[in-house]
Amino acid sequence: MNKFFTIIAVSVVLLLTACAPNFQKEDKIVQEEDAETNEKAIIPKYKISDDYYRTFMPFEPGEARGLVVNNLNTRYDIHEFETGLLRIAQNTFDTNKFVFKEGQYLDSSTVSSWLNRKYTEAQLKERNLKEENNLGLNPVDPGTGDIDTRNEENPIYLAHILEHNYLEEVGGKEGTYKLGGVVIGLAMNSIHYYQKEAYGATYETDIPKSELVAEGKKIASEVIKRLRKMDELKDVPITIAMFEQKSRSSVVPGNFFAFAEVGKGSSEIGSWQDVKEKYVLFPSDTALQNHREDMTWFQNFKQDVEEFFPNYNGVVGKGFYLDDQLQTLTISIPIQFYGKSEAIGFTQYVTGLVMEHFPDYIAVEVNVSSVYGQEAVIVRSPNQDEPFVHVYQ
């Protein structure tokens with residue numbers, strides 16, 4: 293069923309200060325024209341930046357919301373899988389023309405069934421299932437033979453599927469929106485975890501990157517074919533992207549590594565485009581070997597922090613790289629403070645170190661915390677002469 297939205301202008305009174313953002317005078321009230329519902333929502337006219345999509349309010353959760361928490365290994369992967377998919381979408385769907393909505397077409401039962409293993413005929417009979425229920429996109433586990441060999445040869449490749457919807461204004465019908473495209477994220481495992489017995493020890497086997505990519509492309513092809521069988525999605529552009537999640541012990545998230553665009557009505561994936569994104573932990577051997585200059589900046593900053601503060605507990609950074617160039621560095625400094633004045637003094641000192649040690653083309657965020665919670669935040673945007681600094685009261 294195609295969904296259309298009719299917009300009615302409504303006046304909004306805003307209290308603005310001289311330094312407040314330039315809000316438009318009107319938001320948009322959106323009424324869904326649907327035979328079964330008559331729901332209303334708001335599309336805010338104001339956007340934080342061109343890096344973000346406007347979103348329907350009140351927020352309508354996706355049909356499969358909540359599964360991601362159980363299916364991905366760490367909170368870092370959960371966050372990056374969603375925010376990274378929003379970045380992927382910007383390659384196809386302009387943030388100034390499209391409005392974001394969480395996926396409404398893949399519900400929890402559908403996603404769960406697709407994440408299963410494929411069943412053999414014998415396994416279908418054993419479970420009293422029909423072939424139309426044999427929807428798993430992960431390989432068959434034959435169920436017999438050495439359990440280690442079975443898991444090494446037939447790992448779980450696909451960990452999760454995430455759907456995002458993008459709506460656009462209908463040409464010639466000002467104030468009416470319809471589904472303009474869909475973006476699908478496939479979270480792929482770099483490590484397969486398994487147990488030999490219920491509640492027993494957990495074992496793991498690495499999945500080579502080449503194997504992960506090849507299997508991911510096969511899965512993506514099947515997902516596109518299934519989406520095209522849905523009436524609502526049979527004729528909209530679809531972007532599909534692959535994400536490699538890290539191990540359960542990782543303190544940095546995984547990353548998207550490829551995406552493909554599928555035109556209206558097509559069920560065939562053409563060429564895949566590489567996504568050159570990654571996260572690097574500072575300090576680490578990876579940072580030292582592959583990003584020596586960035587590691588030097590970080591180490592000098594870290595040493596100056598240690599010299600100032602006797603109750604030093606550790607300085608850890610997370611660098612986001614695009615095309616092998618450091619874009620953003622997020623630093624965490626947990627410290628034991630004895631008073632607010634000490635926290636203020638330390639924050640002032642660290643602010644100076646940020647401006648001194650890191651090139652101005654890098655975005656830097658420093659979070660200072662204690663056992664009582666967040667103490668201060670320092671944010672220096674690229675080419676910014678003076679950073680934003682806030683000390684929590």
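Just add 292 to the spot in the sequence shown (first one is 1) and you have the working numbering.
Even for Gly, the Cβ is constructed at its ideal location relative to N, Cα and C.
- [ ] Taking all protein chains shown into account, decide if residue 447 is buried (16 or more other Cβ within 10 angstroms of its Cβ) or exposed.
- [x] Buried: at least 16 other Cβ atoms inside 10 Å.
Open item on the list: I'd like the list of long-range same chain contacts for residue 668, defined as Cβ closer than 6 Å, with 5 residues on each side in sequence excluded.
Closed with: Closer than 6 Å at Cβ, skipping near neighbours: 639, 660 and 683.
Task: Span of the beta strand (DSSP E), counted from its first residue to its last, around residue 553 - done: Its beta strand (DSSP E) spans residues 547–554.
Task: residue 352 beta carbon less than 8 Å from that of residue 389 - done: Not in contact: residue 389 and residue 352 (Cβ atoms no closer than 8 Å).
Open item on the list: Using only CA atoms, which one of 461, 614 and 525 lies nearest to residue 386?
Closed with: For the residues 461, 614 and 525, the minimum Cα distance to residue 386 belongs to 461.
Open item on the list: Here's the rule: buried if 16 or more other CB atoms are within 10 angstroms of the residue's CB, otherwise exposed. What is residue 538?
Closed with: Residue 538 sits buried, since 16 or more C-beta atoms from the chains shown fall within 10 Å of its C-beta.
Task: Segment limits, alpha helix (DSSP H) that includes residue 573 - done: Looking at the DSSP string, residue 573 is not in any alpha helix (DSSP H); the run it does join, the beta strand (DSSP E), is 569–574.
Open item on the list: So, does the region 542–554 touch the region 588–604, judging by three or more C-beta pairs under 8 Å?
Closed with: They do not touch, by the three-pair rule.
TODO: Check residue 512 in the structure and name its three-state DSSP category.
DONE: For residue 512, the secondary structure class from DSSP, reduced to helix, strand or coil, is helix.
Task: Where residue 598 sits in the DSSP three-state scheme - done: Collapsing the DSSP output to three states places residue 598 in a helix.
Open item on the list: Considering only their Cβ atoms, is the gap separating residue 376 from residue 547 smaller than 8 Å?
Closed with: Their beta carbons are under 8 Å apart, which means residue 547 touches residue 376 by this criterion.
Open item on the list: Suppose contacts are defined by Cβ-Cβ distances below 8 Å. Is residue 591 in contact with residue 575 by that definition?
Closed with: Yes, Cβ-Cβ distance for residue 591 and residue 575 is below 8 Å.
- [ ] Output the distance between the C-alpha atoms of residue 677 and residue 484, rounded to the nearest integer angstrom.
- [x] The straight-line gap from Cα to Cα measures roughly 47 Å.
TODO: Could you spell out where the alpha helix (DSSP H) holding residue 577 opens and where it closes?
DONE: Unbroken alpha helix (DSSP H) run through residue 577: 577–582.
Task: the region 571–588 contacting the region 402–412, beta-carbon criterion three pairs below 8 Å - done: Result no; under three Cβ-Cβ pairs closer than 8 Å.
Task: Proximity winner among 405, 524 and 395, relative to residue 425 (alpha-carbon distances) - done: Nearest option by C-alpha distance: 405.
- [ ] Might you give, ordered along the chain, the residues of its own chain that have their beta carbon closer than 7 Å to the beta carbon of residue 601, omitting 5 neighbours on each side?
- [x] Cβ neighbours of residue 601 beyond the five flanking positions: 627 and 638.
Open item on the list: What does the Cβ neighbour count give for residue 672, buried or exposed, with the cut at 16 atoms within 10 Å?
Closed with: The residue is buried, with at least 16 neighbouring Cβ atoms inside 10 Å.
TODO: Would you mind stating whether residue 649 and residue 612 have Cβ atoms separated by less than 8 Å?
DONE: Against a cut-off of 8 Å, the Cβ pair of residue 612 and residue 649 comes out as no contact.
Open item on the list: In this structure, how does DSSP classify residue 384 when only helix, strand and coil are distinguished?
Closed with: Three-state result, residue 384: coil.
Open item on the list: Quick check on residue 396: does DSSP put it in helix, strand or coil?
Closed with: In this structure, DSSP gives residue 396 a state outside helix and strand, which the three-state scheme calls coil.
TODO: Determine the DSSP secondary structure at residue 641, reduced to helix, strand or coil.
DONE: Residue 641: helix per DSSP, three-state reduction.
Open item on the list: If I measure Cβ to Cβ from residue 526 and keep anything under 6 Å in the same chain, skipping five residues before and after, which residues do I get?
Closed with: Excluding positions up to five away in sequence, the list reads 520.
Task: Range covered by the alpha helix (DSSP H) that runs through residue 416 - done: Unbroken alpha helix (DSSP H) run through residue 416: 413–418.
TODO: Report, in whole angstroms, the separation of the C-beta atoms of residue 373 and residue 359, which I expect to be a contact under 8 Å.
DONE: Taking a contact as a CB-CB distance under 8 Å, the pair residue 373 and residue 359 does not count as one, their CB atoms being some 12 Å apart.
- [ ] Taking only runs that begin and end inside the region 623–678, name each unbroken beta strand (DSSP E) of 3 or more residues, in chain order.
- [x] Counting only runs of 3 or more residues that sit fully inside the region 623–678, the beta strand (DSSP E) segments are 655–662 and 665–672, in chain order.
TODO: Quick one: using the 10 Å Cβ neighbour count with 16 as the cut-off for buried, is residue 531 buried or exposed?
DONE: Classification for residue 531: buried.
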